[in-house]
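Here the structure is laid out as structure tokens; the discussion comes afterwards.
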Amino acid sequence: RIPAVIAVPGMDNFKEMQVAMYGDRFLSRGIAVLAIDGPGQYESAVLDVHVSMEAWMATGKACYEWLAKRREVDAGKVGMSCASFGTFFGVIAAAYEPRLKAVALDKVCHEPGFHAIFEEASPTFKMRFMYMSNITDEAKFDAMRRGMTWVGHAERIRAPYLCVAGEADELSPLEHTERLMKVLGGPKRLVVYQDSRHSVGGVPSANLGPAAPALVADWMLATLQGKPFTSDRWFVQASGQVAKS
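So for the sequence shown, the working numbering puts the first residue at 1341; every next one is plus one.
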């Protein structure tokens, strides 16, 4: 039996972007991938399964139990990998599925209430998320999104945890991710790329330092195999060197 990862896409991505038929970072390492459109995402929204905290609280359990029934999957080695707004969805999903053995996030969205992404960034983000939530009234949507937070949920997570973020993330200020990391109950590693914006790329630290996709995949494999690691913070400098603390 082989390990598996639940792959959660970002807000404006779709499940097919989370796995490739050739050269996939997880498949090439012997990890099966369950790529999903979670509540509100692409096919789910079309099928009237919309974004809500309650729906995402149920997602981790549903995905884990589907994988556990697969004969080729080792149910004791299941992790979750999330990108962009999926890093918020994934926190909520993982908080209510304690059987996950690893959680890896990159390109973070962790600001409670999501003011930056919905009020300061491109208006299309808000328009898409209103569709995903099935809310057409902006005032009602604003009331809903202000209540979206990891506070009170992330504290439940005990699984090993990796988070990859840009120092200058314009959609979710880094301070919110650093707050989240402090409340996690298991071993954890925060990797911050100097000067990088949300996408974790296009700057010297991302070009010269560890390649973020491979870093996530290598960590996931090692962690699902039971290899321990020290809780720490990595700062990937513009030179590509990694300062650990």
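No residue lacks a Cβ here, since even glycine has one placed at the ideal position from N, Cα and C.
Item checked: Short Cβ contact (9 Å threshold) for TRP1396 with PHE1429 -> yes
Check: Would you call the segment 1572–1582 and the segment 1379–1393 in contact, with 3 or more CB pairs under 8 Å?
Finding: no
Checklist line | Local conformation of PRO1343 per DSSP, three classes | finding: strand
Item checked: LYS1417, buried or exposed, once every other Cβ within 10 Å from all chains shown has been counted against 16 -> buried
Note to self: Could you compute how far the alpha carbon of GLY1363 sits from the alpha carbon of VAL1556?
What the structure shows: 15 Å
Check: If you drop the 5 nearest sequence neighbours on each side, which residues of the same chain put their C-beta closer than 6 Å to that of GLN1358?
Finding: ALA1347, PRO1349, ALA1375
Check: Cα-Cα, which of THR1464, MET1351, PRO1438 is closest to GLY1426?
Finding: MET1351
Check: Between the C-alpha atoms of PHE1454 and GLU1510, what's the straight-line distance to the nearest angstrom?
Finding: 11 Å
Notebook entry, point to check: For the beta strand (DSSP E) that contains ARG1529, what are its first and last residues?
Noted result: 1528–1533
Next item on the list: Ignoring anything shorter than 3 residues or poking outside the segment 1368–1405, list the beta strand (DSSP E) runs there in chain order.
Entry: 1372–1375
Next item on the list: Just confirm the distance between the C-beta atoms of VAL1345 and MET1420, as a whole number of angstroms; I'd bet it's less than 8 Å.
Entry: 7 Å
Checklist line | Collapsed DSSP secondary structure at MET1596 in the structure displayed | finding: Examination of residue 1596 is not possible in this model, given that the chain is present from 1341 through 1585 alone.
Notebook entry, point to check: Where LEU1367 and LEU1564 are concerned, what is the direct C-alpha to C-alpha distance, given to the nearest angstrom?
Noted result: 14 Å
Checklist line | Coarse secondary structure for LEU1297, derived from DSSP in three states | finding: Since the displayed the chain opens at 1341 and closes at 1585, residue 1297 lies outside it and no answer follows.
Checklist line | Spatial neighbours of CYS1403 in its chain, beta-carbon cut-off 7 Å, leaving aside the 5 residues before and after | finding: ILE1346, LEU1374, ILE1376
Next item on the list: Out of VAL1413, SER1512, GLU1356, point me to the one whose CA is closest to VAL1448's CA.
Entry: SER1512
Next item on the list: Can you tell me the Cβ-Cβ gap for ARG1496 and GLY1526, rounded? I've got them flagged as a contact below 8 Å.
Entry: Their Cβ separation, rounded to whole angstroms, is 11 Å, which puts ARG1496 and GLY1526 out of contact at 8 Å.
Item checked: Residue from PHE1354, ALA1423, ALA1434 whose Cα sits closest to the Cα of HIS1538 -> ALA1423
Notebook entry, point to check: The beta strand (DSSP E) with ARG1573 in it runs from where to where?
Noted result: 1572–1576
Checklist line | Pair within 9 Å by beta-carbon distance, ALA1456 and VAL1504 | finding: no
Note to self: With distance defined between alpha-carbon atoms, name the residue in ALA1494, ARG1411, MET1560, SER1473 nearest to ARG1485.
What the structure shows: SER1473
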